[in-house]
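Just below is one structure, and these are the notes that go with it.
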Amino acid sequence: MSLLAVSALTVRTAEGRVLVDDLAFDLAAGGRLGIIGESGSGKSVTSLAVTGLLPPALTVDGSVLLDGVQIVGAPERRLVGVRGRVASVVFQEPLTALDPLMRIGRQVAEPIARHRGLRGAALRGAVADALAEVALDDARITRAYPHELSGGQRQRAAIAIALASRPRLLIADEPTTALDVTVQAQILRLLDDLVEARGMALLFISHDLAVVSAMTSDVVVMRSGVAVERGTVAGMLAAPTDPYTAELVRSARSLDDRLGRR
Amino acid sequence: MILELRDVSYRYRKGALAVDGVSLGVAAGQSVGLVGESGSGKSTILKLMLGLARPGSGTVLFDGEELSLPAPRRFRAAVQTVFQDPYSSLDPRQRVASIVAEPLRSLGIARGDQARALVAASLASVGLDADTLDRYPHEFSGGQRQRIAIARATVCHPRLLLADEPVSALDVTTRIQVIDLLAELRASQGLSILMVSHDLSAVAALCEQTVVLHRGRVVESGATAQILSAPREEYTRRLVEAVPRLPAV
Amino acid sequence: MTAAIVLEPQAPARRRRHSWTLILGLVLVGAVAATALLSLVWLPYPPDDTTGGRLEEPSWQHLLGTDKLGRDLATQVMIGARIALTVGLGSVVVGALIGITIGLLAAFATPWLDDTISAGLDVVIAFPVLLLAMLIVAAQGASLVSVMVAIGLAMSAVVARLTRVLTKRVLGEQYVTAARTSGTRWPGIVARHIMPNIWPTLSVNLALQFGVAVLAEASLSYLGLGAPPPNASWGRLLQEAQGTFVTAPVGAIAPGLALIALVLGVNFVADGLRDIADPARRRSR
Chain H
10 MSLLAVSALT VRTAEGRVLV DDLAFDLAAG GRLGIIGESG SGKSVTSLAV
60 TGLLPPALTV DGSVLLDGVQ IVGAPERRLV GVRGRVASVV FQEPLTALDP
110 LMRIGRQVAE PIARHRGLRG AALRGAVADA LAEVALDDAR ITRAYPHELS
160 GGQRQRAAIA IALASRPRLL IADEPTTALD VTVQAQILRL LDDLVEARGM
210 ALLFISHDLA VVSAMTSDVV VMRSGVAVER GTVAGMLAAP TDPYTAELVR
260 SARSLDDRLG RR
Chain E
272 MILELRDVSY RYRKGALAVD GVSLGVAAGQ SVGLVGESGS GKSTILKLML
322 GLARPGSGTV LFDGEELSLP APRRFRAAVQ TVFQDPYSSL DPRQRVASIV
372 AEPLRSLGIA RGDQARALVA ASLASVGLDA DTLDRYPHEF SGGQRQRIAI
422 ARATVCHPRL LLADEPVSAL DVTTRIQVID LLAELRASQG LSILMVSHDL
472 SAVAALCEQT VVLHRGRVVE SGATAQILSA PREEYTRRLV EAVPRLPAV
Chain A
3 MTAAIVLEPQ APARRRRHSW TLILGLVLVG AVAATALLSL VWLPYPPDDT
53 TGGRLEEPSW QHLLGTDKLG RDLATQVMIG ARIALTVGLG SVVVGALIGI
103 TIGLLAAFAT PWLDDTISAG LDVVIAFPVL LLAMLIVAAQ GASLVSVMVA
153 IGLAMSAVVA RLTRVLTKRV LGEQYVTAAR TSGTRWPGIV ARHIMPNIWP
203 TLSVNLALQF GVAVLAEASL SYLGLGAPPP NASWGRLLQE AQGTFVTAPV
253 GAIAPGLALI ALVLGVNFVA DGLRDIADPA RRRSR
């Protein structure tokens with residue numbers, strides 16, 4: 010059984026505008042899937058739908074089975090049991106994903122305390138370990154507030170928080186788009202290592218073909234809420250079947266070529 | 272040199288140095304890319320080059336003479352800008368015709384029907400047709416808004432275009448179109464370009480020269496091709512290697 | 003990106019729910035305005051005609067009855083409408099002119115000057131509007147103009163604070179920087195870019211202040227500090243009707259209801275304006 014099985018997923022706004030149209034894909038435990046799409050493609054809506062985080066004004070039809078639990082239409086109680094334990098999300102903008110009024114240490118401690126039931130010294134130790142895992146070794150970071158850290162450090166903290174509950178699936182929605190390019194390279198490597206080491210499944214969402222191809226080998230290309238192409242990264246780059254995908258690959262190649270030989 | 276910074280420094284109000292002894296310039300016919308990550312000082316340098324701030328030390332030179340502030344009309348007519356965020360750089364309460372005509376109005380170049388004709392011509396040069404004139408910015412996509420911004424920047428036929436991350440906020444498919452548009456305008460209007468960007472591929476596509484900034488200082492500068500293939504400095508090398516590349520096919 | 007999706011579905015639903023209040027508000031304000039305009043050309047009785055019996059009940063000759071001096075109450079209420087609207091508008095004009103000017107100055111000022119102005123505004127805001135207005139009226143003597151100036155001055159601090167915040171936000175937008183690099187000088191930027199962009203929010207606030215001004219005037223008149231007779235403000239009618247409220251309640255109910263109608267109506271209109279003013283334009287992505 011797949012860890013994540015999405016079928017006939019359709020998301021509509023209150024006025025009837027379709028954001029995601031009959032989407033289906035599977036992700037096995039430990040597997041990796043990339044979702045490529047530009048703005049308005051519905052890729053972020055999909056990531057929110059998978060964890061039941063869509064606002065109530067949107068109507069969701071279809072099926073999302075996360076570790077066998079139906080997410081669509083699920084009551085908050087059931088969703089809470091699944092979030093963190095089965096799937097965690099790392100978002101694009103670390104500044105808004107972290108609570109600005111809470112110290113980093115405490116934000117990392119929250120999911121650890123809730124999911125692993127640790128307290129006191131054991132909890133503190135676990136927090137230090139979690140931060141060390143994302144290379145935030147400096148002891149001062151535990152007591153720092155988000156605005157005191159750099160963008161890269163904040164995203165590492167966000168990753169630590171996401172992984173603290175030991176999820177089986179990590180959803181990364183444009184995790185490095187807001188970061189500098191040198192920092193992006195480090196964060197991507199970090200994500201890759203952690204996902205590998207823990208045997209987690211990875212759903213990686215981005216508009217950047219190069220980044221997605223570095224992180225996953227299978228992709229789904231979305232446009233205006235529809236999956237227009239699916240397959241391996243290599244296949245998509247070499248011989249895209251859909252015209253939109255072809256244009257996407259062409260534009261990306263055009264820019265990539267200007268950088269000279271690899 | 273049309274516009275030049277000579278040994279310029281700038282301090283934030285809190286005391287830290289945003290720009291430290293930077294010298295760079297754009298000569299007629301050149302296209303220069305200014306590459307830097309956050310904290311590199313590129314935004315401050317752009318502000319100084321636009322005459323929106325005074326350097327703490329060093330000089331800003333326009334056509335070889337020190338630039339006096341507030342900047343004179345001929346500077347504004349010669350040096351125009353395209354900004355990063357297409358959703359914020361157009362006044363939401365004005366129609367496109369009025370937005371693009373602003374430089375003509377404020378610089379006393381043209382008004383009324385004459386201005387409208389120039390605006391229509393400028394919009395045509397960026398690939399937008401006449402019915403764009405009476406619409407509002409919110410009716411257009413990001414890529415189209417950026418074209419409107421370019422139309423505004425080129426309507427008074429400046430000699431130098433300063434572009435601040437002009438394609439960063441755009442979709443991948445639109446990015447290459449806007450870059451190509453800038454390259455085309457450069458050829459057809461003899462426009463010199465200075466593009467500030469963190470995106471090396473955009474710079475590589477448009478600029479023959481590149482200046483690399485790090486923590487307020489110029490780390491390396493030279494021909495773009497050279498910097499990409501054989502960077503001399505450590506930071507430049509890290510920067511080039513960090514750019515995500517498509518796997519070769 | 004997702005935030006843009008979240009905001010949109012709610013706007014139309016809100017618009018539907020509020021449109022009936024906007025219409026109701028317009029009807030109420032319209033009724034009061036019509037009454038005021040009518041009072042300029044026709045009144046049931048001359049204002050100081052005391053021939054009606056004292057404290058008479060509503061009848062066909064006196065639709066709302068008479069007050070304790072024998073004056074027709076309906077006439078008084080109609081004149082009161084004129085006064086309420088005049089003082090309301092006048093105060094808002096004074097408050098807006100002073101407040102917007104100070105607000106713009108503060109937004110453009112150096113940090114030190116800005117802090118000083120803001121502190122000064124905070125002090126003024128901390129004063130109850132009524133107390134401030136009372137001080138000014140006591141110093142200048144009671145008249146329609148002094149009441150308008152007093153309320154307007156008290157209100158100007160709130161308007162200034164709002165103007166300052168809105169202006170600062172607009173100053174941070176790239177289109178202002180774009181205007182500067184297009185060669186537009188600051189006065190042009192204020193006129194063409196700042197005012198049109200802050201006006202939607204500001205005008206809603208001014209509409210609400212109108213309601214506050216009407217209530218402030220009524221309170222001042224109630225306390226005896228408003229325009230003196232024969233300018234019969236609703237507040238003064240209320241004060242006069244106090245003693246005879248039990249035996250002749252209409253004397254208090256009529257001006258009371260008129261006040262409620264106007265202020266409620268204005269608030270509904272302001273709410274409706276708020277919904278119309280910006281959501282249509284906020285479709286950014």
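Chains as they are written, first to last, in this note's numbering: chain H, 10 to 271; chain E, 272 to 520; chain A, 3 to 287. Where a beta carbon is used, it is the ideal one built from N, C-alpha and C, also for glycine.
Straight through space, the alpha carbons of residue 449/E and residue 375/E are spaced by roughly 23 Å. For residue 46/H, same chain residues with a beta-carbon under 6 Å away, outside a window of 5 residues either side, are 52, 231 in chain order. Burial of residue 464/E is indicated by the presence of at least 16 other C-beta atoms within 10 angstroms of its C-beta. For residue 64/A, no CB of chain E lies under 8 Å from its own CB, so it is not counted at the interface with that chain. Secondary structure remark: continuous alpha helix (DSSP H) runs of at least 4 residues inside the stretch 68 to 151 of chain H, in chain order: 85 to 91, 103 to 106, 113 to 125, 129 to 142. Apart from sequence neighbours up to five positions away, the residues of its chain that approach residue 391/E with a beta-carbon distance below 8 Å are 401, 404, ordered along the chain. DSSP places residue 260/H in the helix class (H, G or I) of the three-state scheme. Chain H places no beta carbon closer than 8 Å to that of residue 371/E, leaving this residue out of the contacts.
Against chain H, the CB of residue 443/E has a partner CB under 8 Å away; the residue lies at that interface. Within 7 Å of the CB of residue 351/E, the CB atoms of chain A belong to 183, in sequence order along the chain. Shown here, residue 470/E sits in coil according to DSSP, grouped into three states, outside any helix or strand.
Membership of residue 154/A in the alpha helix (DSSP H) is indicated by the continuous run 146 to 173.
Each residue's CA atom was taken as its position, placing residue 32/A and residue 245/A some 32 Å apart.
At a beta-carbon threshold of 8 Å, the residues of chain A lying near residue 359/E are 175, 176, 177, ordered along the chain. At a cut-off of 8 Å, the C-beta of residue 269/H has a neighbouring C-beta in chain E.
In the three-state DSSP reduction, residue 294/E falls in the strand class (E or B). The Cβ atoms of residue 212/A and residue 27/A lie no closer than 8 Å to each other. Of all alpha-carbon atoms in 435/E, 451/E, 478/E, the one lying nearest the alpha-carbon of residue 183/A is that of 435/E.
Under the DSSP assignment, residue 445/E falls in the alpha helix (DSSP H) whose first and last residues are 443 to 460. With three or more CB-CB distances shorter than 8 Å, the stretch 100 to 109 of chain H counts as touching the stretch 159 to 166 of chain H. For the stretch 387 to 453 of chain E, the full-length alpha helix (DSSP H) segments reaching 4 residues or more read 413 to 425 along the chain. 47, 48: these are the residues of the stretch 26 to 56 of chain H whose beta carbon lies less than 8 Å from some beta carbon of chain E, given in chain order. A Cβ-Cβ separation of about 6 Å places residue 179/H in contact with residue 204/H under the 8 Å criterion. When Cβ pairs closer than 8 Å are counted between the two stretches, the stretch 64 to 76 of chain H is seen to touch the stretch 14 to 25 of chain H, the count reaching three or more. Within the same chain, and ignoring the five residues on either side of residue 170/H in sequence, the residues whose Cβ sits closer than 7 Å to its Cβ are 116, 117, 120. The beta-carbon separation of residue 418/E and residue 399/E, rounded to 6 Å, stays under the 8 Å limit for a contact. Within the same chain, 178, 181, 182 come within 8 Å of residue 191/A by CB-CB distance, once the 5 residues on both sides are set aside.
Each residue's CA atom was taken as its position, placing residue 177/H and residue 48/H some 28 Å apart. Of the residues assessed, residue 60/H falls on the buried side of the cut-off, its CB having 16 or more other CB atoms within 10 angstroms. Pairing residue 67/A with residue 253/A gives a Cβ-Cβ distance under 8 Å. By the Cβ rule, the stretch 499 to 509 of chain E does not count as touching the stretch 336 to 353 of chain E, because fewer than three pairs are nearer than 8 Å. For residue 199/H, the enclosing alpha helix (DSSP H) covers residues 190 to 207. In this chain, the alpha helix (DSSP H) harbouring residue 314/E covers 313 to 320. With the criterion set as a beta carbon lying under 7 Å from some beta carbon of chain E, the members of the stretch 185 to 202 of chain A are 185, 186, 190, 195, 198, 199, in sequence order. Contact between the stretch 255 to 267 of chain H and the stretch 280 to 287 of chain E is not established, with fewer than three Cβ pairs separated by less than 8 Å.
At least one C-beta of chain E is nearer than 8 Å to the C-beta of residue 216/H.
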